[in-house]
Amino acid sequence: MDTAQPDIQHQHVSFDDGLMLECGQTLAGLIVAYRTYGALNAEKSNAILICHALTGDQYVAETHPVTGKGGWWDLVVGPGLPIDTTRFFVICTNVLGGCMGSTGPREARDGTVGLWGTDFPPVTIKDMVSAQKRLIDHFGIARLFAVVGGSMGGMQVLQWASSYPDMVFAAVPIATAAYHSAQNIAFNEVGRQSIFSDPDYAAGRYWEHDRIPARGLAVARMVAHITYLSEEALTRKFGRRVRGAQSIAGFADMFEVESYLRHQGSTFVRRFDANSYLTITRATDYFDLAEEHGGDLAAAFKGTRTRFCLISFSSDWLYPTAESRAIARALNGAAANVSFVEIASDKGHDAFLLDEPDFHRALQGFLSGCAEHAGLP
Amino acid sequence: MDARAEPVRYVAKNMRLDLRLIAEMIEPGTRVLDIGSGDGTLIDHLYRTKGCDARGIEIDMAEVTRSVVHGLPVMHGDADSDLAQYPDGAFDYVVLSRTLQAVERPRQVLAQMLRIGTRALVSFPNFGHWQVRWQLLWSGRMPMTSVWAKPWHETPNIHPCTIRDFFVLCAEEGYVVEKWLAVDEEGRRAPRRRSAALANLFGEQALFQLRRG
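Order-wise, the sequence lines are chains A and B.
So for the first sequence, the numbering used here puts the first residue at 1; every next one is plus one.
So for the second sequence, the numbering used here puts the first residue at 1001; every next one is plus one.
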């Protein structure tokens, strides 16, 4: 099987002074791949940083160079859309540990020609944010107008607001949580074990054998994909419909939902690196924002002047509304300015990527209100 | 019945009156929490005309969505369970407009309001109004008026009280009544300020400004 993705040059900035990681190791060099949309104003006050989710990337609102498909947030980011690129300068970076050009397991190891692979140090959400901050500093942006992200992107938003409160005017954590629950970790672990158990994984050095653990990575994606949907959405889309044979015919008989998941799995392996998947899922598992504040989440936001808007979806059972409510209450504890709305949707966790008019109107309205407070035109 | 499911709603005309009276009591540039902020009219008004840092809590998700869409800082929550997290003295005013009678624990809600805020502004429909008394006396059935418009089995108002009841509660809790007034449904301010007993008979709604004793 072809192992290499097409050799694509991702727009990036290299930071030769490296990055100190939470685990204690230091990356000698740091590459941050990114994309921007819209124009930065003269005051550099209209920048919005978008943080992508686990398997997302920096190609937010344009044709993806690997898949050829549209951007993952084409419905949200663009001229006249909720994150209006005629008004705001939008930045999205590929996360540290990712596989779209930023420093990660699929990139060249410090000072060698070989790849990092499984030797890539464990990274955290905080490390991802540290890497993003380097790019923001590089742009000379002293304060981001907003930091916006869903799922793992929402964790980065929370980390940004906690670590650099003065750099974040508005924060929009969407469909997320302040820590990974045992259930979240459990699903991630199934995915990881699936990758490990694929013979093509080759102890993590699959590229040396011109292989990729396609089966393992596909199954990991299939399991994860179930958690992104809801029972209602699956029933509505597939029910118990079968393709082909109507009689009992063993495993050849295919329910539509099976076919859908297999498709999700097989397309995923063409664009994502297994070691990246392992690295990033681990980073989400480590995430517990309250931990460094003695278990008190409110303390993570003490004295904050950031305006927050928490958005959850009613059928999301991966990061359920209760998690957003817990964040909202912690922010109340810090007397922060908080908007918090649950959007009625049967589409599960994935709703933040889909056509949800109430969600889009709320996001747009919140940002417009903040722009007024920030004195932006 | 879930008392929080459907807070009392009044016609817009009266809603504006109620909010206008409350807005008149609030000093410019202050921090305000509006519990049961509805469509956000009051907090929008306070921000735009008085430069207040006004925020809302609302139980009805459609109203929350509408408020956020309009750029107002409103969070989904309710008076019974979402006040405990705020730090002491986080606000100059905490507003509870026509919701006290519908909360599960009015006494605790008031205590929370005066813990997190320097002042509480509380409005409620007066169950001591003569029409209410007369209907119960005359027909022997639960009163139904323009203010108390739902039958007993449908109403979210599980804790109705009279103006005198409220004075008694404030005295028991040691709250100082800084201002109070009673109005009728048309918004005419009752000229009965000197007599709580008369206000209790003729006022359809009451508005109190309290502070800790």
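For every residue, glycine included, the Cβ atom is placed at its ideal position computed from N, Cα and C.
Here DSSP, grouped into helix, strand and coil, assigns CYS51 (chain A) to strand. Judged by DSSP secondary structure, GLU256 (chain A) falls within the alpha helix (DSSP H) whose first and last residues are 256-268. Interface annotation for the segment 1050-1063 of chain B against chain A: ASP1053, ARG1055 and MET1061, criterion Cβ-Cβ distance under 8 Å.
When rounded, the separation of the alpha-carbon atoms in ALA175 (chain A) and GLU43 (chain A) is 32 Å.
Assignment of THR1118 (chain B) by DSSP, reduced to helix, strand and coil, places it in the strand class. At least one CB of chain B lies nearer than 9 Å to the CB of LEU310 (chain A).
Closest in alpha carbon position to THR235 (chain A), among A:ARG143, A:PHE255 and A:VAL219, is A:PHE255. Contact annotation for HIS1045 (chain B) against chain A: no contact, minimum CB-CB distance about 15 Å [criterion: below 8 Å]. The alpha-carbon separation between CYS1170 (chain B) and LEU1083 (chain B) amounts to approximately 19 Å. Taken atom to atom, the span from the alpha-carbon of VAL60 (chain A) to that of PHE272 (chain A) is near 16 Å. Of all residues in the segment 322-334 of chain A, only ARG325, ALA328, ARG329, ALA330, LEU331, ASN332, GLY333 and ALA334 place a beta-carbon less than 9 Å from a beta-carbon of chain B.
Contacts between PHE255 (chain A) and chain B, judged by CB atoms closer than 9 Å, are missing: the closest CB pair is about 35 Å apart. The alpha-carbon separation between GLN159 (chain A) and ILE125 (chain A) amounts to approximately 7 Å. ARG205 (chain A) sits close to GLY117 (chain A), with the two beta carbons spaced by under 9 Å. With distances taken between CA atoms, TYR179 (chain A) lies nearest to A:PRO320 out of A:PRO320, A:GLY18 and A:ILE311.
Per DSSP, reduced to three states, the secondary structure at SER314 (chain A) is coil, with no helix or strand assignment. Two segments are said to touch when three or more pairs of C-beta atoms, one from each, lie closer than 8 Å; by this definition the segment 140-156 of chain A touches the segment 46-53 of chain A. According to the DSSP assignment, ARG329 (chain A) belongs to the alpha helix (DSSP H) that extends over 321-333. Cβ proximity to chain A below 7 Å picks out VAL1064, THR1065, VAL1068, VAL1069, HIS1070, GLY1071, LEU1072, PRO1073, VAL1074 and MET1075 from the segment 1063-1075 of chain B. The contact set of ASP1082 (chain B) on chain A, defined by CB atoms closer than 8 Å, consists of ARG329 and ASN332 in chain order.
Sequence-distant partners of HIS1153 (chain B) (beyond 5 residues in either direction) whose C-beta falls short of 6 Å from its own C-beta are missing from its chain. Here DSSP, grouped into helix, strand and coil, assigns LEU115 (chain A) to strand. Inter-residue distance for MET1113 (chain B) and GLU356 (chain A) is about 36 Å (C-alpha atoms, whole angstroms).
Within the segment 116-200 of chain A, the runs of alpha helix (DSSP H) at least 4 residues long that lie entirely inside it are, in chain order, 125-138, 152-163 and 182-196. Leaving aside the five residues that flank GLY191 (chain A) on each side, the residues in its chain whose CB is nearer than 8 Å to its CB run, in chain order, VAL219, ALA220, ARG221, VAL223, ALA224, TYR277 and THR281. At least one C-beta of chain A is nearer than 9 Å to the C-beta of ALA1090 (chain B). In this structure, ARG1105 (chain B) and SER1123 (chain B) do not form a Cβ contact; the two beta carbons are roughly 18 Å apart against a cut-off of 8 Å. Considering only B:SER1139, B:GLY1051 and B:ASN1200, the residue with the shortest C-alpha distance to VAL1168 (chain B) is B:ASN1200. GLN9 (chain A) sits away from ARG35 (chain A), with the two beta carbons spaced by 9 Å or more.
For the segment 1014-1035 of chain B, the set of positions with a beta-carbon nearer than 7 Å to some beta-carbon of chain A is empty. Cβ atoms of PRO1073 (chain B) and ARG307 (chain A) come within 8 Å of each other, at about 7 Å. For ALA1182 (chain B), the enclosing beta strand (DSSP E) stretches over residues 1175-1183. Within the same chain, SER230, GLU232, ALA233, SER345, ASP346, LYS347, GLY348 and ALA351 come within 8 Å of SER315 (chain A) by CB-CB distance, once the 5 residues on both sides are set aside. Unbroken beta strand (DSSP E) runs of no fewer than 3 residues, entirely contained in the segment 86-116 of chain A, are found at 89-93, following chain order.
Between LEU1096 (chain B) and VAL1109 (chain B), the C-beta gap is smaller than 9 Å, which places the two residues in contact. Taking C-beta atoms under 8 Å as the contact rule, PHE1127 (chain B) and LEU1033 (chain B) fail to qualify, at a distance of about 26 Å.
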